[in-house]
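A.B. asks:
There are 4 protein chains.
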Amino acid sequence: MDRQTLHRTLSPHGRSRVARRFRVFYFITVLSGLAAVIIETMNGLPAWLQILTAATNIAVAVLFCIEWALRIYVAPEEWLMEARRARLQYLTSPAGLIDLFAAAALPLGIAVGLRQDDQPLFCVLWVLKFVRYSAGLSMVGRVIRSELAALTSVLTVFSVVLLTSATLAHLLERERQAEAFGSIPAAMWWAIVTLTTTGYGDVVPLTVGGRIVGGFVMVSGIAVFAMWAGILANGFAVELRRRSFLRTWDLVSRVPLFADLGSTVIADIVHQLRVEEMRAGTVVFRRGQIGDRMYFIVSGRVRIELTPTPIELGEGAFFGEFALITGAPRSATVTIVENAELLVLDIADFRDLAVKRPELTQAIHAEADRRRATPVATPPSSSDGA
Amino acid sequence: MDRQTLHRTLSPHGRSRVARRFRVFYFITVLSGLAAVIIETMNGLPAWLQILTAATNIAVAVLFCIEWALRIYVAPEEWLMEARRARLQYLTSPAGLIDLFAAAALPLGIAVGLRQDDQPLFCVLWVLKFVRYSAGLSMVGRVIRSELAALTSVLTVFSVVLLTSATLAHLLERERQAEAFGSIPAAMWWAIVTLTTTGYGDVVPLTVGGRIVGGFVMVSGIAVFAMWAGILANGFAVELRRRSFLRTWDLVSRVPLFADLGSTVIADIVHQLRVEEMRAGTVVFRRGQIGDRMYFIVSGRVRIELTPTPIELGEGAFFGEFALITGAPRSATVTIVENAELLVLDIADFRDLAVKRPELTQAIHAEADRRRATPVATPPSSSDGA
Amino acid sequence: MDRQTLHRTLSPHGRSRVARRFRVFYFITVLSGLAAVIIETMNGLPAWLQILTAATNIAVAVLFCIEWALRIYVAPEEWLMEARRARLQYLTSPAGLIDLFAAAALPLGIAVGLRQDDQPLFCVLWVLKFVRYSAGLSMVGRVIRSELAALTSVLTVFSVVLLTSATLAHLLERERQAEAFGSIPAAMWWAIVTLTTTGYGDVVPLTVGGRIVGGFVMVSGIAVFAMWAGILANGFAVELRRRSFLRTWDLVSRVPLFADLGSTVIADIVHQLRVEEMRAGTVVFRRGQIGDRMYFIVSGRVRIELTPTPIELGEGAFFGEFALITGAPRSATVTIVENAELLVLDIADFRDLAVKRPELTQAIHAEADRRRATPVATPPSSSDGA
Amino acid sequence: MDRQTLHRTLSPHGRSRVARRFRVFYFITVLSGLAAVIIETMNGLPAWLQILTAATNIAVAVLFCIEWALRIYVAPEEWLMEARRARLQYLTSPAGLIDLFAAAALPLGIAVGLRQDDQPLFCVLWVLKFVRYSAGLSMVGRVIRSELAALTSVLTVFSVVLLTSATLAHLLERERQAEAFGSIPAAMWWAIVTLTTTGYGDVVPLTVGGRIVGGFVMVSGIAVFAMWAGILANGFAVELRRRSFLRTWDLVSRVPLFADLGSTVIADIVHQLRVEEMRAGTVVFRRGQIGDRMYFIVSGRVRIELTPTPIELGEGAFFGEFALITGAPRSATVTIVENAELLVLDIADFRDLAVKRPELTQAIHAEADRRRATPVATPPSSSDGA
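Protein sequence lines correspond, in order, to chains Y, L, S and A. As numbered in my numbering, residues 1 to 386 make up the first sequence, in order. As numbered in my numbering, residues 1001 to 1386 make up the second sequence, in order. As numbered in my numbering, residues 2001 to 2386 make up the third sequence, in order. As numbered in my numbering, residues 3001 to 3386 make up the fourth sequence, in order.
Following this line, the structure appears as structure tokens:
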């Protein structure tokens, strides 16, 4: 296997069959590693289970060492630059550091001189491997970064309430509960348990004054929480719009129908299309269902189960428009025959576009008529320039 | 009763009088079935109540068996295809599986060999019948599906915090609380109770280090929660707009006034109309109230209580525009005389449209003048082509 | 005092000095009535306090009876129709029922035959008087009504989770905790305490299975909560925009500057103005502050503290534009001299409008130049048609 | 140091090197003051620590007295008016009052006659110094003010539920739990702990009726919370848009490229640019990364690490456009060499603009071509008028 193939297999976004299988194997590895670490801490395990978990532990650690070495080897493919700089860049990137840490967790536990039982404890951080593979997490990061100023001001409010209420509770309750409210640090434990509305109940104000302070702290708690939710709601709205726009833009121009209509129409429709990936074998819709969207094929192939002979459509074709135009139920079941990326146009947007961009829906009508006229539909990209 | 009538009666969206009555009966059946199952588990019930609940249980189970059979019988009406395929499709659809399970719950409990008392316990899942009938639930499903990537990344953050904090708490607290924090699985119980801010208080950190970890876990808990709320808020905003657009679009073209104005005006106004269904006998508004909306009748009839003679309006007519134009209170009470679907135009949008689409408000003015001029108002649809 | 004056005084929205004072007195009455009812339930009160609270109670109840009678008397003013129908309408309206109930609460407690101590307990519902006077509450009502379908689907999810988890916990925990989980109704108490993340800790699962169920219930709890928040966030966004638009629209046309510019400009600017009410004596802004908004006077008078002679502006005038145009700090302090309604234009929108609607900012510039040229500024409405 | 320099150093927004260093020193002062106050309340401290905290306490208090005097001295610089009025304005402003209180906290504790140990307790309010310096807090304030009506209506709902449920629980539970539910004030403690879903568990309803009331209170609690979050989400969305618009507007006109395109283009682009401040040494992006944004330099200088000779760009120049146009990875690493303010244009908006405002992207293309043609790129502002 050459370096480039290896890189595509190891990449979190690899789309080949091997890459997909590797990811399944990889996730099972991480999960069994974590399970072994967690189970190992339980007392009174039978001997065979102790041996099994220890063995799993070591095996997973070895695999992560190998993975780290391989990723150093393929780094130049990822960063598209000369080998030495690419490898340095990988080693110092967050992903590289997570991989290094995963590889070093078990030896580190031994080196640091932990008790025998505790040596695998660092391996709990193998959970970070999921972070490294999570596509949506970069979005969460972007949102938090862009709303940071607002979020930290709410944190300031949080600390002011925390400190003030701990001091007041300390003053009001220390006579009756010398241990729990005897100092401000002690009272802060009560304050944070109350302000987050966790409410363990291990420390509870007993005086009337302390309870009034407690009531205010609880209400402030839900207010702080609500502010946080409000800020983040706004941030996600902006970011999700941005993502969907970018992803769609990359694909829209690959559909000949849109490409022919010129950039102004594309700029309009790109806000209304959504990307969906479907694997071979998925049923897109069934005969007799209500039709509420149509599909454009960016890559892959689908089969339309027409009687007597089903037809197949490939890149650049579209389907499902008939139910949108007529309002009748789906006239045929459609199945994916080759992993596909589809652009989805909702009926609501289809109708909106029909008024704002009549040239688009006319083109769809024309193509649909043409297809129904010919005995076997061929994707427009493979026929004349349409 | 032929198959088609039966289908309309059984359908969750049936709008005939029989269908409505059937739904009321059906919900009572589900509720009494559930009540019987729940009550049956209580100890020390008097003998008559034990017999009553057991009987209810069996009766409801029998009804669900009959219902399932009937739904198989009417499936071709629903799926609009040849009988055998339609029935197969029903049997494998989520709704069909819920119905099957509801029918089989009681026999299953016996077959599986549960203790005598526990045999009806599967019947608790009769609650799924509500899910099957809930119109809004498909919306919740769509929102969750479309925001899935973002929601799972937050779930990843959730698991990282959960696992890390459980490990830290295990390390810090195990000396003092050997039972509650003696292993990571044990510590995870504390971690999840704390991270969701439930805070039972059965396990509470006692060391200073454990409490600091606890404080961070609580704050992370409300942050995770806030992120989730933020993502969903955005999802619902998009989906609710889409729904309302679709529903309105279907109805708007049935009102002659709009149909005459052409599709560009419709595309504008459709975003500002809202559908309301009202049952016979409902008072739409009363004389003397402040008028903040006008109504277009899609179906049904209303009575305007004018003195000396009230008038009735039917499909295609509109009312309530006078208070919007003049700002005076409502000059007459309006009551529904036949189940009606109304399109509602809010005063805010009416004013907005008056500037952007003067032709629409002019048409409303003209029709209003015409109506006031004739002794008995007739719906425009029944007069000339207006 | 004639019926009309009395009506204006009693109305929750009355804006005269007497109406304002009446409202203050009214709120104090409600609060002291509530305080009396609450304090009365405490044990070991000194005799004088018992007499005081009982007296307050009776006095407030008498006042509410008088109020109810007066409101019946003035009803025709409110509903603008013949006396008998207007009074009937008041008596059956929600506000009328709250007033009736407030008047009848104390006698009802006696009539129903409660224990001596408990007779005033119905008076706790005097708190509804606040609901009746709360302007924003109708908004909360509108939002909930318009999002009802979505909110009830989430409630369906809530009940499914509640019932399923109670049944599972009952099965898993009943051996170890016969009392707390012995029947499904008993287990539902645990389930609701957990699903709302309240977590009293009085009932806690002890088996491993029960704890896993508990963990899922907690996470579902925050998910349900988040969905609810998401739906409501969207509802409030729509409703708040609508409100602000309506209120501004009513006032914008009273400002000559806007009226002269024609309805298309108004339709644009109305989305960007915000209404603020200020009482006499309020300082709008101070000399030296950064200027981030300008003001249009709808009603009332303001004084601009220029040296040597301050000037006064009245209806239709505007001020604060100088700092927006030049970016310099405020050049004079401005104080309200007569209760005023102001339309506020934010600097962000001012700049936006300067590009989209240059005629508006030109008119503002022209008027500003004219005013600075004349020794004493007069509101444009009282000068020529500008 | 003259008064103006001193003012710039003390100002929370001062951007000079001295001002930055002063802020770091200032925050350390506040933090150590707070730490001293908190630690002082703990029992059994060693003597040396008691002396250290007391000394820190006094030192910080003295520093705050000096700070207050200095701020009075520099007030005329801040308010830009004659000295006496400016100082009066500072003394009565919120910031001035916080500073006064911070200076007076320790003497006040002694003057008020607290116990020896408690004298420093007022110093807890030094935490307000963070509020005074928090930029985002004014935003939180604006949002709460603008949504006040809606937030208070939710608070009304909150009090109605609180009072009603406390009364009901008092009626239902007082027989079995005379102490916890014996009076309405006592029952309100349970009600608020439950309504905020804190759930200490110190008081728990035991009767069936009380538990049903409790269930409703919990569900109302999360509903109230959700409403609050919903209202605030909307408020933050509006306010964040406003902020970002204002900040960008001030900077956009300083970039010659935009200034040349005229005000209509600026009004469009200003909604799509975002400001980022970066300190010297920051890496803006690295060679080989995916390019998803381009940058315009408002102030400061950057170095583009081209081989063989890196080039520097200053005010008015832009960079990073190449990866956006071609879709290739970044061709060079870019580092800040002098504290810079950058305007960031996201790839999503760049593409949107390319269609809506072709003249802008053409200008970018032209400038990019020109720059690549000349051996050493010079910022366009220093070359011809382009």
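Note that beta-carbon positions come from the ideal geometry of N, C-alpha and C, so glycine has one too. If you're wondering where the values come from, they're calculated on a predicted model, not measured in any experiment.
#1: Is it the case that the stretch 1246–1258 of chain L contacts the stretch 243–259 of chain Y, given that we only count it when at least three CB pairs across the two stretches are under 8 Å?
#2: Mind listing which residues of the stretch 1183–1217 of chain L have their C-beta closer than 7 Å to chain Y's C-betas, in chain order?
#3: Quick one: what does DSSP say L/I1290 is sitting in, helix, strand or coil?
#4: Are there 16 or more other CB atoms within 10 angstroms of the CB of S/Q2089, so buried, or fewer, so exposed?
#5: Excluding five sequence neighbours on each side, which residues of the same chain lie with their C-beta closer than 8 Å to the C-beta of L/I1231?
#6: Kindly provide the ranges of any alpha helix (DSSP H) runs that are 4 or more residues long and lie completely inside the stretch 1083–1139 of chain L, ordered along the chain.
#7: Is A/Y3073 helix, strand or coil when you go by DSSP?
#8: Check distances from the C-beta atoms of the stretch 3033–3067 of chain A to those of chain S and list, in chain order, the residues that come in under 8 Å.
#9: Excluding the 5 residues flanking S/L2360 on each side, which residues of the same chain have their C-beta closer than 7 Å to its C-beta?
#10: Grab me the residues of L/G1385's own chain with a C-beta within less than 7 Å of its C-beta, minus the 5 sequence neighbours each way, in chain order.
#11: Using a Cβ-Cβ distance cut-off of 9 Å, determine whether S/G2141 contacts chain L.
#12: What are the residues that DSSP puts in a beta bridge with Y/L313?
#13: Output needed for Y/V62: all residues of its chain with C-beta closer than 8 Å, excluding positions within five of it in sequence on either side, in chain order.
#14: Of the residues Y/R351, Y/R15 and Y/S11, which one's Cα is nearest the Cα of Y/G300?
#15: Could you say if the stretch 2057–2076 of chain S and the stretch 2002–2014 of chain S meet the contact criterion of at least three C-beta pairs nearer than 8 Å?
#16: Can you check which of these residues, A/F3101, A/T3333, A/A3223 and A/R3357, is closest to S/I2144 by C-alpha distance?
#17: Between the stretch 2188–2208 of chain S and the stretch 1204–1213 of chain L, can you find at least three pairs of beta-carbon atoms closer than 8 Å?
#18: Does S/G2230 get closer than 9 Å to chain Y when you measure Cβ to Cβ?
#19: Strictly under 9 Å for the Cβ-Cβ distance: is L/M1227 near chain Y by that measure?
#20: Give the range of the alpha helix (DSSP H) segment to which Y/A340 is assigned.
#21: Assign A/R3145 to one of three DSSP states: helix, strand, or coil.
#22: Taking 9 Å as the threshold (C-beta atoms), are Y/V161 and Y/S220 in contact?
#23: Could you give the C-beta distance for L/G1109 and L/F1122, rounded to a whole number, given that I count them as a contact under 8 Å?
#24: For L/E1277, list the residues DSSP reports as bridge partners.
#25: Could you list which residues in chain L have their beta carbon closer than 9 Å to that of S/G2221, in chain order?
#26: Using beta carbons (cut-off 9 Å, strictly below), is A/A3111 in contact with chain Y?
#27: Out of S/L2100, S/E2321, S/A2180 and S/Q2119, state which residue places its alpha-carbon closest to the alpha-carbon of S/E2397.
#28: Measure from the alpha carbon of S/A2105 to the alpha carbon of each residue in S/P2185, S/I2058 and S/R2115, then state which is nearest.
#29: Count the C-beta pairs between the stretch 311–318 of chain Y and the stretch 272–288 of chain Y that are closer than 8 Å, then say yes if the count reaches three, no if not.
#30: Consult DSSP for S/V2284 and reduce its assignment to one of helix, strand or coil.
#31: Which residues in chain D sit within 7 Å of L/A1233, going by Cβ to Cβ distance?
#32: In chain order, which continuous runs of the alpha helix (DSSP H) of length 4 or greater are located wholly inside the stretch 10–68 of chain Y?
#33: Of all the CB atoms in chain A, is at least one closer than 9 Å to the CB of Y/A153?
#34: Please check if any C-beta of chain S sits within less than 9 Å of the C-beta of L/R1274.
#35: Is the stretch 167–184 of chain Y in contact with the stretch 1182–1195 of chain L, if contact means three or more CB pairs nearer than 8 Å?
#36: Thinking C-beta only, is S/L2324 closer than 9 Å to S/R2293?
C.D. replies: Working from what's here:
#1: Under the three-pair Cβ rule at 8 Å, the stretch 243–259 of chain Y does not count as touching the stretch 1246–1258 of chain L.
#2: S1183, I1184, P1185, T1194, T1197, G1199, G1201, V1204, R1211 and G1215
#3: coil
#4: buried
#5: E1147, A1150, L1151 and V1154
#6: 1083–1092, 1094–1111 and 1128–1133
#7: helix
#8: When CB distances to chain S are screened at a threshold of 8 Å, not a single residue of the stretch 3033–3067 of chain A falls below it.
#9: L2261, V2265, I2269 and L2353
#10: Low confidence applies here, because L/G1385 scores a pLDDT of 33, under 50, leaving its location unreliable; read the following figure in that light. Excluding positions up to five away in sequence, the list is empty.
#11: no
#12: In the DSSP secondary-structure assignment, Y/L313 is bridged to Y/V302.
#13: none
#14: Y/R15
#15: The answer is yes - the stretch 2002–2014 of chain S touches the stretch 2057–2076 of chain S, with three or more Cβ pairs under 8 Å.
#16: A/A3223
#17: No: the two stretches stay apart, fewer than three of their Cβ pairs being nearer than 8 Å.
#18: yes
#19: Yes, L/M1227 lies at the interface with chain Y (some Cβ there is under 9 Å from its Cβ).
#20: Looking at the DSSP string, Y/A340 is not in any alpha helix (DSSP H); the run it does join, the beta strand (DSSP E), is V334 to D346.
#21: helix
#22: Yes; because the gap between Cβ atoms is below 9 Å, this pair is in contact.
#23: About 5 Å separates the two Cβ atoms, so the contact holds.
#24: L/E1341
#25: T1196 and T1198
#26: no
#27: The first residue shown for chain S is 2001 and the last is 2386, placing residue 2397 of chain S beyond what the model contains.
#28: S/I2058
#29: no
#30: In the structure shown, the three-state DSSP call for S/V2284 is strand.
#31: This model lacks chain D altogether, as its protein chains are Y, L, S and A.
#32: 17–40
#33: It is worth fixing the name first, because residue 153 of chain Y is Ser in this sequence and not Ala. So yes, Y/S153 belongs to the interface.
#34: yes
#35: no
#36: yes
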